[in-house]
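Taking the UniProt record's numbering, I'd label the letters of the sequence shown as residues 1 to 702. Quick notes on the structure that follows.
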Amino acid sequence: MATTKKTTTKKKRRSTKKKLVIVESPTKAKTIQKYLGRTYRVIASKGHVRDLPKSKMGVDVEHDYAPHYISIRGKGETIKELKSEAKKARNVYLASDPDREGESIAWHLSHLLGLKSEDKNRVAFHEITKDAVKEAFKHPREIDMNLVDAQQARRVLDRLVGYSISPLLWKKVKKGLSAGRVQSIALWLIIKREREIKDFVPTEYWTIDADMKKDSDAFKASFYGLNGKKTELGNNDEVKAVLDKFDKKKPFDVTNVVKKQRRRRPQPPFTTSTMQQDANVKLNFKTGKTMMVAQQLYEGINIGKEGNQGLITYMRTDSTRISVLAKHEASELIHEKYGASYAAIKPIKGKLPEGAQDAHEAIRPTSVKRTPASLKQYLTNDQYKLYNLIWCRFVASQMTSAVLDTMTVDMDQNGVVFRANGSKLNFQGFLKVYNKGKEKDNILPDLANGDQVVMTKNNPDQHFTQPPARYSEAKLIRTLEENGVGRPSTYAPTLGTIQRRYYVKLVGRKFEPTELGEIVNSIIEEYFPDIVNIEFTADLENNLDEIEEAKQDWVKVVDKYFTPFEKEVKNAEKNMEDVQIKDEPAGYNCEVCGAPMVIKMGRYGKFYACSRFPDCRNTEAIVKKIGVSCPKCKEGDVIERKSKKNRIFYGCSRYPKCDFVTWDKPIGRNCPKDGNFLVEKKIKGGTQVICPNGDYEEDVQK
Numbered sequence: 001m002a003t004t005k006k007t008t009t010k011k012k013r014r015s016t017k018k019k020l021v022i023v024e025s026p027t028k029a030k031t032i033q034k035y036l037g038r039t040y041r042v043i044a045s046k047g048h049v050r051d052l053p054k055s056k057m058g059v060d061v062e063h064d065y066a067p068h069y070i071s072i073r074g075k076g077e078t079i080k081e082l083k084s085e086a087k088k089a090r091n092v093y094l095a096s097d098p099d100r101e102g103e104s105i106a107w108h109l110s111h112l113l114g115l116k117s118e119d120k121n122r123v124a125f126h127e128i129t130k131d132a133v134k135e136a137f138k139h140p141r142e143i144d145m146n147l148v149d150a151q152q153a154r155r156v157l158d159r160l161v162g163y164s165i166s167p168l169l170w171k172k173v174k175k176g177l178s179a180g181r182v183q184s185i186a187l188w189l190i191i192k193r194e195r196e197i198k199d200f201v202p203t204e205y206w207t208i209d210a211d212m213k214k215d216s217d218a219f220k221a222s223f224y225g226l227n228g229k230k231t232e233l234g235n236n237d238e239v240k241a242v243l244d245k246f247d248k249k250k251p252f253d254v255t256n257v258v259k260k261q262r263r264r265r266p267q268p269p270f271t272t273s274t275m276q277q278d279a280n281v282k283l284n285f286k287t288g289k290t291m292m293v294a295q296q297l298y299e300g301i302n303i304g305k306e307g308n309q310g311l312i313t314y315m316r317t318d319s320t321r322i323s324v325l326a327k328h329e330a331s332e333l334i335h336e337k338y339g340a341s342y343a344a345i346k347p348i349k350g351k352l353p354e355g356a357q358d359a360h361e362a363i364r365p366t367s368v369k370r371t372p373a374s375l376k377q378y379l380t381n382d383q384y385k386l387y388n389l390i391w392c393r394f395v396a397s398q399m400t401s402a403v404l405d406t407m408t409v410d411m412d413q414n415g416v417v418f419r420a421n422g423s424k425l426n427f428q429g430f431l432k433v434y435n436k437g438k439e440k441d442n443i444l445p446d447l448a449n450g451d452q453v454v455m456t457k458n459n460p461d462q463h464f465t466q467p468p469a470r471y472s473e474a475k476l477i478r479t480l481e482e483n484g485v486g487r488p489s490t491y492a493p494t495l496g497t498i499q500r501r502y503y504v505k506l507v508g509r510k511f512e513p514t515e516l517g518e519i520v521n522s523i524i525e526e527y528f529p530d531i532v533n534i535e536f537t538a539d540l541e542n543n544l545d546e547i548e549e550a551k552q553d554w555v556k557v558v559d560k561y562f563t564p565f566e567k568e569v570k571n572a573e574k575n576m577e578d579v580q581i582k583d584e585p586a587g588y589n590c591e592v593c594g595a596p597m598v599i600k601m602g603r604y605g606k607f608y609a610c611s612r613f614p615d616c617r618n619t620e621a622i623v624k625k626i627g628v629s630c631p632k633c634k635e636g637d638v639i640e641r642k643s644k645k646n647r648i649f650y651g652c653s654r655y656p657k658c659d660f661v662t663w664d665k666p667i668g669r670n671c672p673k674d675g676n677f678l679v680e681k682k683i684k685g686g687t688q689v690i691c692p693n694g695d696y697e698e699d700v701q702k
């Protein structure tokens, strides 16, 4: 029997090598991996992998400011994994964030992994959605060295400034101090405002409010002027002179009625700074928290069946531009949800700040169809609040203006003019979605020229002009942006640094300089005036932008700035005198050795320490008593403390023996209903005394 010989044909095995994609964060990696599929492997570099050394300047001033980069300590395992995966990969793509910082990370990765500079391995996308990511991978490009050089110039300059001034502060003032470029401007603005407050001289002025009536319709009016001219009242004598000119019992003649329609236009969608400002004002988010939550929304959130999805576009931008597709999607939603009358034919177009790059879109939802309500179950409370703010701002920017009917009425008797202003919201427009709560109807009765009204009551009131307000985070960011200082990525770290170094502190959500901040600022003002020169710093920012646009060479920009600065450093080294921060007597003796205790200035504020330091190292925190005994143990005092996040709370001075603690300030009275201690709670518009058990509350005190 013949045997059949089996023949085997060798099939070519398909390459199992995958394409490697490197991003910054594990969350971003997880989201993008889902979009790209099995032929790709997406891993995270976990931020920067190379930087200037911490132990020395790391910049060769004599040779074109050449930076000496080293692998960041603690990144060894990550770098080892990246190199191992790159060797196994068919192709390597660098998909860090689409800005200078991201381009710099891609360049450093390229150097570490030995990738060719001419390789088109850089992939950038403005939003982490399936379509945006896949489209970006169709068009990889070379690393943009103009972006890299702009970032490198900023990094080198910041290092030259910081590592030149800081040793001087260590030597002349105290160890642990440091100074930087943008943060010095921020500190200077806060201190300048504090000086304006201290130098402010109040000016007296008076107002006269009145209750008016036409038939049964009552309304409010205020003194406007004499004989048709606006008149300011500077003192009580002038008020009396006005009151003597008219007879309260006689009617006032309506002499002028002006009715108008006023349109209030929506604001453009968020840029980084406007998002930080609104989140601070509306959500009470600190700038760092806003950026952290925005990063989470950008990188991707698991939203059920759809898995990880990037919910907003890139959150570091100074542009208000919106893509055509996003506008179309928003218009569809507005037509369906609110009606055609609410959809703007030509949506608002924001004015770009000077120096803005317009490289990205504004901050917006990646899909406006993902309403805040539909995502609420998948988001944390903070994520929901910020997403809702971004979504509402974007949708409102694509809506029609609000229309208000306004009415101004002048009433005259013997040349004394009172004026009433009224308004009524005629059409909500964008306010239906993004209402700041400022528009309140103040409806006046139907008045016409020749009508008569009577005054039922007048109330003269003395006032004094108020000093300028201290900066909040929102106001400080706005001021920095208006002056061209810093860029979207710098505001959060700048504000964080000046607080962390205890140069300023937040009191009631407003910045106040510390004694340490005042000392550092005075030295910088005297010896390094260019650093706190807003025009000089803004000009530098514009030069960095021109490096990005290939209009300037980065080495020349650094040299232009550093050459005069280096002379200032040498002058300071020669002429700066030692600054003595004198210890204040604490008024009691050390419980360890019996020597007098003193108040010392530390990196995080003042504290009690033994005057025999370093021989005796006894220290104590400075506590603030509020004049109330502990409601729990009755023995200790209630003292003001601060949490790790710098939030004030109240506890017993006998802690840990007594664990009494509360966020609200006890007032030393007990609840008349259940005998529990009462607290003073800060609410919008004032403070209110309440019982923590919720059974009792008193009237709000403004």
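Even glycine gets a Cβ: it sits at the ideal position worked out from N, Cα and C.
Judged by DSSP secondary structure, residue 602 falls within the beta strand (DSSP E) whose first and last residues are 596-602. Pairing residue 427 with residue 442, the inter-Cα distance amounts to about 15 angstroms. With 16 or more neighbouring CB atoms inside 10 Å of its own CB, residue 65 falls in the buried class. DSSP lists no beta-bridge partner residue for residue 676.
Only residues of its own chain outside the window of five on either side were considered, and among them 140, 141, 142 have a CB closer than 8 angstroms to the CB of residue 120, listed in chain order. Our two residues, residue 297 and residue 366, have alpha carbons roughly 10 angstroms apart in a direct line. Beta-bridge annotation (DSSP): residue 308 is paired with 302. Judged by DSSP in its simplified three-state form, residue 642 adopts strand. Residue state for residue 404 is assigned as strand, using DSSP reduced to three classes. Judged by beta-carbon spacing, residue 334 lies beyond the 8 angstroms limit of residue 326, meaning their Cβ atoms are not closer than that value. Put simply, the backbone Cα of residue 254 is about 12 angstroms away from that of residue 415. Boundaries of the alpha helix (DSSP H) around residue 148: 145-172.
Look at residue 382 here: in three-state DSSP terms it is helix. Between the alpha carbons of residue 118 and residue 112 lies a gap of roughly 15 angstroms. Taking all protein chains shown into account, residue 468 has fewer than 16 neighbouring C-beta atoms within 10 Å of its C-beta and is therefore exposed.
With respect to the C-alpha of residue 180, the residue from 677, 494, 638 having the closest C-alpha is 494. In the displayed model, residue 663 falls within coil according to three-state DSSP, outside both helix and strand.
The UniProt domain "Toprim" (18-128) is shown to contain whole beta strand (DSSP E) runs of 3 or more residues at 19-23, 40-44, 91-94, in chain order.
It is roughly 12 angstroms from the alpha-carbon of residue 93 to the alpha-carbon of residue 107. The shortest CA-to-CA distance from residue 632 to any of 643, 651, 123 is the one to 651.
Between the alpha carbons of residue 203 and residue 46 lies a gap of roughly 56 angstroms. Taking a contact as a CB-CB distance under 8 angstroms, the pair residue 554 and residue 150 counts as one, their CB atoms being some 7 angstroms apart. Taking 8 angstroms as the cut-off, the Cβ atoms of residue 59 and residue 67 count as close.
Taking residue 303 as the centre and dropping the five residues before and after it, the same chain places the C-beta of 309, 375, 378 closer than 7 angstroms to its C-beta, in chain order.
For residue 621, the uninterrupted beta strand (DSSP E) run begins and ends at 619-621, by DSSP.
If you check the CB distance, residue 72 and residue 49 come in under 8 angstroms.
The DSSP-derived three-state label of residue 592 is coil. DSSP places residue 341 within a helical segment (H, G or I) once states are collapsed to three. In its chain, beyond the 5 residues on either side, 172 have a beta carbon closer than 6 angstroms to the beta carbon of residue 578.
About 18 angstroms separates the CB atoms of residue 488 and residue 397; that is not less than 8 angstroms, and the two are not in contact. It is roughly 20 angstroms from the alpha-carbon of residue 27 to the alpha-carbon of residue 18. For residue 193, the enclosing alpha helix (DSSP H) starts and ends at 181-199. Runs of alpha helix (DSSP H) with 4 or more residues, each lying fully within the region 499-575, are found at 515-527, 534-548, 554-575, listed in chain order. Between residue 598 and residue 615, the C-beta gap is not smaller than 8 angstroms, which leaves the two residues out of contact. The bridge partners DSSP lists for residue 205 are 463. Within the DSSP bridge table, the entry for residue 333 names no partner.
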